[in-house]
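Student: In our numbering, the protein residues as written are 1013 to 1155. Ideal placement from N, C-alpha and C gives every residue a C-beta, glycine not left out. Please read through the structure below; I'll follow up with questions.
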Ligand code: SF4
């Protein structure tokens, strides 16, 4: 077996960690960039990475009523998706424009994420929110 000198091992280790760092950075870049430094287009749409009931953006309150009313009426859909109409929020995962989410809950959006590789978060919101009312499509978004 070929012996590796201590100096070579240190160099190889440093190189490995550097590569790992790049991979990790590559995997997280889109989400982090979007959350930390949204581009001009996203700012115009008032994109919020994660909304909560106590920190709901003003314009989202209108969407909140619509979403809650929808799930109150469509009890079959609410039940199928395990959504509570009293606590549901107008998040990307219920929006028509949210597509093909990955395992971490980041998906495409042709309104807020127009640059190649940009993704929005399932619990995000923006002023273009448009409620998806089709059960199968909602299921796919929440998968
Ligand atoms: S358009 Fe819909 S999916 Fe896209 S960022 Fe806005 S709320 Fe989220």
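1) Any contact between the stretch 1070-1080 and the stretch 1101-1109? By contact I mean 3 or more CB pairs, one from each, below 8 Å.
2) Along the beta strand (DSSP E) that carries residue 1120, what are the first and last residues, could you check?
3) Measure how close the beta-carbons of residue 1144 and residue 1108 come, nearest whole angstrom, since I'm counting them as under 8 Å.
4) Beta carbon of residue 1082: closer than 7 Å to some heavy atom of ligand 1?
5) What is the residue span of the alpha helix (DSSP H) that residue 1099 lies within?
6) Taking 6 Å as the limit, name every residue whose beta carbon sits nearer than that to some heavy atom of ligand 1, in sequence order.
7) Determine which residues share a DSSP beta bridge with residue 1132 and list them.
8) Quick one, which of 1147, 1133, 1110 and 1155 has its alpha-carbon nearest residue 1088's?
9) Quick check: what's the CA-CA separation for residue 1038 versus residue 1122?
10) Should residue 1124 go down as buried or exposed, given a rule of 16 or more other Cβ atoms within 10 Å for buried?
11) If you check the beta carbons only, do residue 1079 and residue 1106 fall under 8 Å apart?
12) Helix or strand or just coil, what does DSSP make of residue 1144?
13) How about residue 1159 and residue 1136: do their beta carbons lie closer than 8 Å?
Tutor: Considering the structure as presented:
1) yes
2) For this step, residue 1120 is matched to residue 108 along the chain shown. From DSSP, the beta strand (DSSP E) with residue 1120 extends over 1118-1121.
3) Indexing the chain shown from 1 puts residue 1144 at position 132. Indexing the chain shown from 1 puts residue 1108 at position 96. With 8 Å as the limit, residue 1144 and residue 1108 qualify as a contact, their Cβ atoms being about 5 Å apart.
4) Looking up residue 1082 in the chain shown gives position 70. No, the beta carbon of residue 1082 sits no closer than 7 Å to any heavy atom of ligand 1.
5) Residue mapping note: residue 1099 aligns to position 87 of the chain shown, counting from 1. That residue, residue 1099, is in no alpha helix (DSSP H); it is neither H nor E in DSSP.
6) 1059, 1104, 1107, 1109, 1110, 1121, 1123, 1124, 1132, 1136, 1137, 1138, 1140 and 1141
7) Residue numbering aside, residue 1132 sits at position 120 when the chain shown is read from its first letter. BP columns for residue 1132 point to 1119.
8) Along the chain shown, read from residue 1 onward, the residue named residue 1088 stands at position 76. The option with the nearest alpha carbon to residue 1088 is 1147.
9) Position 26 of the chain shown, counting from 1, holds the residue named residue 1038. Position 110 of the chain shown, counting from 1, holds the residue named residue 1122. Note on residue 1038: pLDDT 38, under 50, position unreliable in the model; the coordinate value appears next. Each residue's alpha carbon lies about 21 Å from the other.
10) Against the chain shown, residue 1124 aligns to sequence position 112. Counting Cβ neighbours within 10 Å, residue 1124 comes out buried, since at least 16 surround it.
11) Here the question's residue 1079 lines up with position 67 in the chain shown. Here the question's residue 1106 lines up with position 94 in the chain shown. Going by C-beta atoms, residue 1079 is nearer than 8 Å to residue 1106.
12) Taking the chain shown and counting its residues from 1, the one referred to as residue 1144 is at position 132. Looking at residue 1144 - three-state DSSP - the assignment turns out to be coil, as it is neither helix nor strand.
13) Residue 1159 is absent from the structure shown; the chain starts at 1013 and stops at 1155.
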